[in-house]
Amino acid sequence: MISRLMRLMAVVSGAMAALMLAGCGERPQVIDYKQGKYQGKPDEPPYMAAPFNGNKDQWERDIRNRTQSQNEYRRIGS
Amino acid sequence: MARMKFLCDAERCIECNGCVTACKQENDVPWGVNRRRVVTINDGVPGERSISVACMHCSDAPCMAVCPVDCFYRSEEGVVLHDKDLCIGCGYCFYACPFGAPQFPQAGAFGVRGKMDKCTFCAGGPEPDNSEAEYKKYGRNRLAEGKLPACAEMCSTKALLGGDGDTIAEIYRQRATTRGKGSEVWGWSTAYGRPEAPTPPAAAPGGKS
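Sequence lines, in order, name chains A and B.
Quick note, this note's numbering runs 17 ahead of the 1-based positions in the first sequence.
Quick note, this note's numbering runs 12 ahead of the 1-based positions in the second sequence.
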């Protein structure tokens, strides 16, 4: 009986020790920074989402037209 | 498409702060943060000049160089953006920036530094384009809608130009060569009259003045 109890205690203490040791496992808590390189989330180009859905030419055309609308010599005429 | 840039025409800026208001409204910029502001040189003195200043989206941005956590990136269009999830609010970028563009929201009575906030050229950030998360963190992504920054598009005198650097430089060049310089500047004689112009006849009594 006593030997069985001793064995049970040994198993429990062994399991406890293993459980406590698991807490000591060291995982990196910070991002591994690489000097001079962007570390954040990737960003997609502005023409990928709706309404352009990847149509880069259309997006560039729209932006060019918007830019030229700031030129009153062209918008109104000189 | 080349690089996106801002260009402010000091001859046209009338210090109305419309660009500042447009930016605040469009991007829901928090209290205490000014992504754009108008700087006036020789304020109140004849010949004063005003220019609208924000992040200039430098080609070799010093903020990118000094950031200890490398949270800055440059988009395909040359817009300097940053990831607020990485930013630690250290303020190095503020010291490095010659334009004072990086802003830090003040939270609490003691002004605790928050994550850096700056002009995004209305291009949002690294969250999915036009998502709620992007709007909350960075403001509206007008570029993804095929529009230019709100400040430039709202400018009443078109002093602030925004867009492809080569194109806006060409617009400015055409302006500068058309309007001349000094008293030849377009509108000068309209506003102040020519010295050689005859004095306008006095209004007839009872007539409209």
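Built from N, CA and C at the ideal position, the CB exists for glycine as well.
All values derive from a computational prediction rather than experimental measurement.
For S87 of chain B and D60 of chain A, I'd like the C-alpha separation in whole angstroms. 8 Å
Check whether chain B comes within 8 Å of R83 of chain A, counting only Cβ atoms and requiring the distance to be less than that. yes
At what residues does the alpha helix (DSSP H) containing D40 of chain B begin and finish? No alpha helix (DSSP H) contains D40 of chain B, which DSSP labels as neither H nor E.
Quick one: is E144 of chain B near chain A, going by C-beta distance under 8 Å? E144 of chain B is outside the set of residues whose beta carbon lies under 8 Å from a beta carbon in chain A.
I need the DSSP call for Q56 of chain A, collapsed to helix, strand or coil. coil
Run the CB neighbour count on D146 of chain B, radius 10 Å, all protein chains shown included, and call it buried at 16 or more, exposed below. A quick correction: the sequence has Glu, not Asp, at residue 146 of chain B. The residue in question, E146 of chain B, is buried, as its Cβ has 16 or more Cβ neighbours within 10 Å.
What ranges does the beta strand (DSSP E) occupy inside the region 43-121 of chain B, keeping only unbroken runs of at least 3 residues that lie completely in it? The DSSP assignment places 49-53, 61-65, 84-86 and 92-94 as complete runs of the beta strand (DSSP E) inside the region 43-121 of chain B, in order along the chain (cut-off: 3 residues).
Return the residues of the region 72-89 of chain B that lie within a Cβ-Cβ distance of less than 9 Å from chain A, sorted by chain order. M76, A77, P80, V81, D82, C83, F84, Y85, R86, S87, E88 and E89
Cβ pair A94 of chain B, F106 of chain B closer than 8 Å: For clarity, residue 94 of chain B is His in the given sequence; the question names Ala instead. In this structure, F106 of chain B does not lie closer than 8 Å to H94 of chain B by Cβ.
Just the C-alpha distance for G174 of chain B and P161 of chain B, rounded to the nearest angstrom, thanks. 7 Å
For G126 of chain B, which residues of its own chain have a beta-carbon under 8 Å away from its beta-carbon, when the five flanking residues on both sides are left out? G101, F116, P117, Q118 and A119
May I have the straight-line CA-CA distance separating G40 of chain A from M33 of chain A, to the nearest angstrom? Whole-angstrom Cα-Cα distance: 11 Å.
Would A171 of chain B and C20 of chain B qualify as a contact pair, given that the criterion is a beta-carbon distance under 8 Å? yes
Which chain A residues sit within Cβ distance under 7 Å of I183 of chain B? The answer, in chain order, is Q87 and N88.
Between which two residues does the beta strand (DSSP E) holding C163 of chain B run? Premise fails: C163 of chain B lies in the alpha helix (DSSP H), A162 to M166, not in any beta strand (DSSP E).
Starting from the C-beta of G90 of chain B, find all residues in its chain whose C-beta is less than 8 Å away, skip the five residues before and the five after it, and write them out in chain order. A14, R15, M16, K17, H69, S71 and G177
Within 10 angstroms of the Cβ of M128 of chain B, are there 16 or more other Cβ atoms? Answer buried if so, exposed if not. Around the CB of M128 of chain B, 16 or more other CB atoms lie within 10 Å, so the residue is classed as buried.
Along the region 53-75 of chain A, where does the CB come closer than 9 Å to a CB of chain B? Name the residues. Listed in sequence order: G53, K54, Y55, Q56, G57, K58, P59, D60, E61, P62, P63, Y64, M65, A66, A67, P68, F69, K73 and Q75.
Short Cβ contact (8 Å threshold) for A113 of chain B with C67 of chain B: In this structure, C67 of chain B lies closer than 8 Å to A113 of chain B by Cβ.
How would you write the range of the alpha helix (DSSP H) that M26 of chain A sits in, first residue to last? I19 to G40
Pairs of beta-carbons, one from the region 43-52 of chain B and one from the region 178-188 of chain B, closer than 8 Å: are there three or more? no
DSSP three-state assignment for G192 of chain B, whether helix, strand or coil: coil
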